[in-house]
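Everything on this sheet refers to the single structure shown next.
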Amino acid sequence: MLELQATPPNRKAMSSNYNTSSSNYLRILRTGTGRSASLPLATGRVAARTKFVRGAVKFFLLRRFILCLIFLSFLPAPLLAQEPTPLPTSLWGSVERIAHAEQANPPAFAITRNSLGRELFTFAWITADRGGVRQSMRHIEDGALTHSFDLTLPPLRPRDQRLFPAPENQVHLLWIDDDEVTRIPSLFSALVRPNGEIARGPIPISEGGVYEYSAAPMPDGSLWVAWAGDPISEPTLYLRRIDFDGRPALSIRAAANAAHPALVGLADGALLAFWIDMDGGTLRGARYAEGVRLELNALAPTVSLNAGDRLLDVRASVDSTHAYVFWNIDRQGMRESWFASGEIGAPAWEPPTRINGYWGVTPASGDFTATLAASAVNVESGALTVLTFARGQLVGSESVVRLNKGESVISPPALYIAQSRRCLLWSSPDPFAPAALYMTQDS
Numbered sequence: 391m392l393e394l395q396a397t398p399p400n401r402k403a404m405s406s407n408y409n410t411s412s413s414n415y416l417r418i419l420r421t422g423t424g425r426s427a428s429l430p431l432a433t434g435r436v437a438a439r440t441k442f443v444r445g446a447v448k449f450f451l452l453r454r455f456i457l458c459l460i461f462l463s464f465l466p467a468p469l470l471a472q473e474p475t476p477l478p479t480s481l482w483g484s485v486e487r488i489a490h491a492e493q494a495n496p497p498a499f500a501i502t503r504n505s506l507g508r509e510l511f512t513f514a515w516i517t518a519d520r521g522g523v524r525q526s527m528r529h530i531e532d533g534a535l536t537h538s539f540d541l542t543l544p545p546l547r548p549r550d551q552r553l554f555p556a557p558e559n560q561v562h563l564l565w566i567d568d569d570e571v572t573r574i575p576s577l578f579s580a581l582v583r584p585n586g587e588i589a590r591g592p593i594p595i596s597e598g599g600v601y602e603y604s605a606a607p608m609p610d611g612s613l614w615v616a617w618a619g620d621p622i623s624e625p626t627l628y629l630r631r632i633d634f635d636g637r638p639a640l641s642i643r644a645a646a647n648a649a650h651p652a653l654v655g656l657a658d659g660a661l662l663a664f665w666i667d668m669d670g671g672t673l674r675g676a677r678y679a680e681g682v683r684l685e686l687n688a689l690a691p692t693v694s695l696n697a698g699d700r701l702l703d704v705r706a707s708v709d710s711t712h713a714y715v716f717w718n719i720d721r722q723g724m725r726e727s728w729f730a731s732g733e734i735g736a737p738a739w740e741p742p743t744r745i746n747g748y749w750g751v752t753p754a755s756g757d758f759t760a761t762l763a764a765s766a767v768n769v770e771s772g773a774l775t776v777l778t779f780a781r782g783q784l785v786g787s788e789s790v791v792r793l794n795k796g797e798s799v800i801s802p803p804a805l806y807i808a809q810s811r812r813c814l815l816w817s818s819p820d821p822f823a824p825a826a827l828y829m830t831q832d833s
């Protein structure tokens, strides 16, 4: 019992030390002095530092928030607003947004019909993302856009893609791409079924490098193709036929030192071929039947070019009586369009004439009519326009599409005519997003 009440030997000392420490701590709180000041002073310093750090973090976050607000205030409206861009206005009727793609050219386009009369609109374009480059396609069927799909082709750097009708709603697809082995630009073809399956191809069509080409569909569903090949200093012009089933025949060497081919297929199965003779600067024209040249004429002088000027393309077409050749030229940033014309089969034409007020004049593809229609861009208003030619003269114009404020086109629009139906296609680039590809049709 005495042991239970006994005090441990050091308890008194511990109690004394506790009382001393407590009194010192109270004195420190009151006066800020005392023997055991190290612990409270350290605690105060930590608290001060914590307060400073918190203030610095708040200032840093506030500063970043203000800088973000300033940055957002300089962003263009399209990046801030999530609303879709309004469609351009067409005097023909509704405008369809076909796709968004990284290309300045209109989408490739063709209208086909099968044996049962089923009509199909086919569009093709080239796009790219982190997964690589793709050649994509979609249709308008029964008046409605279908889902887009990617073609099972192995593209590297595809460009200048075009579509032409083939039997049973199939299409001939042509494009330029780098050869997988040599990396030289080559012309390729493929026959594509309506569901996107590749019926034949891809097939290399050209021999040597290709920098430009032309193609003309024939009444039987076949296709004639012309290209200017290497060397670029003295190009050689070749012709080659692709049958309705996508099988190429042997190539034909058409002319030496010739460039800028332009082909037109006639209803009787004959082929008109035009090109620029690089030796004499002359527009030459030839007529072929079954791959055999029947006649060759020096038709007219070509359009003169000055230092720094570029000939962008040469296109050809016909109306019921005359043949036409169009030049599109870039004169150091200023675009011009010229044309020459003559009766079909005439041995000589008048010199080219400038088409004032328009650039990018491109003859329509598809069906031929009594008059020739061509797409163009109005120099002053920027409106997408359809021009009409007859008997070798420009006889009319129709302003079709007015672009939205701030919109423009880099490449000329494309016009397609099938059974009196006119379709106008174009690409509207966006500096902050892929270009929008559009179509409007005259219904």
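Taking this note's numbering as reference, the numbering of the sequence shown is continuous, increasing by one, and the terminal residue is 833. Virtual Cβ for every residue (Gly too), placed ideally from N, Cα, C. Computed from a predicted model, the values in this text were never measured in an experiment.
Which of the three DSSP states is assigned to residue i in this structure?
i: residue 595; result: coil
i: residue 454; result: helix
i: residue 761; result: coil
i: residue 570; result: coil
i: residue 665; result: strand
i: residue 608; result: coil
i: residue 550; result: strand
i: residue 633; result: coil
i: residue 498; result: strand
i: residue 537; result: coil
i: residue 820; result: strand
i: residue 711; result: coil
i: residue 832; result: coil
i: residue 477; result: coil
i: residue 725; result: strand
Confirm, please, whether the CB-CB distance from residue j to residue i is below 8 Å.
i: residue 651; j: residue 604; result: yes
i: residue 732; j: residue 802; result: no
i: residue 773; j: residue 763; result: no
i: residue 527; j: residue 586; result: yes
i: residue 595; j: residue 615; result: yes
i: residue 494; j: residue 800; result: yes
i: residue 664; j: residue 715; result: yes
i: residue 475; j: residue 792; result: no
i: residue 606; j: residue 592; result: no
i: residue 370; j: residue 814; result: Since the displayed the chain opens at 391 and closes at 833, residue 370 lies outside it and no answer follows.
i: residue 589; j: residue 659; result: no
i: residue 760; j: residue 710; result: yes
i: residue 487; j: residue 559; result: no
i: residue 806; j: residue 501; result: yes
What does the Cβ neighbour count give for residue i, buried or exposed, with the cut at 16 atoms within 10 Å?
i: residue 826; result: buried
i: residue 521; result: exposed
i: residue 767; result: buried
i: residue 776; result: buried
i: residue 552; result: buried
i: residue 537; result: exposed
i: residue 401; result: Unreliable placement is indicated for residue 401, whose pLDDT of 40 sits below 50; the coordinate value is still reported in the next sentence. The residue is exposed, with fewer than 16 neighbouring Cβ atoms inside 10 Å.
i: residue 727; result: buried
i: residue 631; result: buried
i: residue 830; result: buried
i: residue 567; result: buried
i: residue 542; result: exposed
i: residue 534; result: exposed
i: residue 507; result: exposed
i: residue 646; result: exposed
i: residue 622; result: exposed
Between residue i and chain B, is the shortest Cβ-Cβ distance under 8 Å, so that the two count as touching?
i: residue 652; result: Note that chain B does not occur in the displayed structure, where there is just one protein chain.
Near residue i, what residues of its chain come up, given a Cβ to Cβ distance below 6 Å and the 5 sequence neighbours on each side ignored?
i: residue 678; result: 661
i: residue 824; result: 490, 491, 492
i: residue 820; result: none
i: residue 789; result: 773, 775
i: residue 633; result: 612
Spatial neighbours of residue i within its chain, please: CB distance less than 7 Å, with the 5 preceding and 5 following residues excluded, ordered by chain position.
i: residue 832; result: 482, 811, 812
i: residue 712; result: 731, 732, 733, 734, 781, 782
i: residue 619; result: 596, 597, 598, 599, 600, 625, 626, 628
i: residue 736; result: none
For residue i, collect the residues of the same chain with a Cβ closer than 8 Å to its Cβ; drop the 5 residues on either side in sequence, then sort them by chain order.
i: residue 741; result: 690, 691, 730
i: residue 688; result: 667, 670, 672, 673, 674, 738
i: residue 469; result: Note that residue 469 has pLDDT 42, beneath the 50 cutoff, so the model's placement of it is unreliable and the number below is only indicative. Same-chain partners within the cutoff: 822.
i: residue 657; result: 609, 758
i: residue 529; result: 510, 511, 512, 513, 535, 536, 584
Taking residue i as the reference, give the member of the options with the closest Cα.
i: residue 343; options: 638, 654, 778, 757; result: Residue 343 cannot be examined here, being either before or after the span of the chain that is shown, 391 to 833.
i: residue 701; options: 555, 508, 718; result: 718
i: residue 743; options: 703, 736, 784; result: 784
i: residue 354; options: 723, 535, 484, 533; result: The requested residue 354 is not part of the displayed model; the chain covers only 391 to 833.
i: residue 683; options: 643, 545, 830; result: 643
i: residue 795; options: 787, 805, 806, 818; result: 818
i: residue 545; options: 622, 685, 514, 525; result: 525
i: residue 548; options: 533, 565, 676, 816; result: 565
i: residue 703; options: 504, 540, 550, 797; result: 550
i: residue 798; options: 787, 752, 816; result: 816
Sorry if obvious, but does the Cβ on residue i come closer than 7 Å to a heavy atom of the ligand ADP?
i: residue 565; result: Only the bare structure without any ligand can be found here, which leaves the ligand ADP out of the picture.
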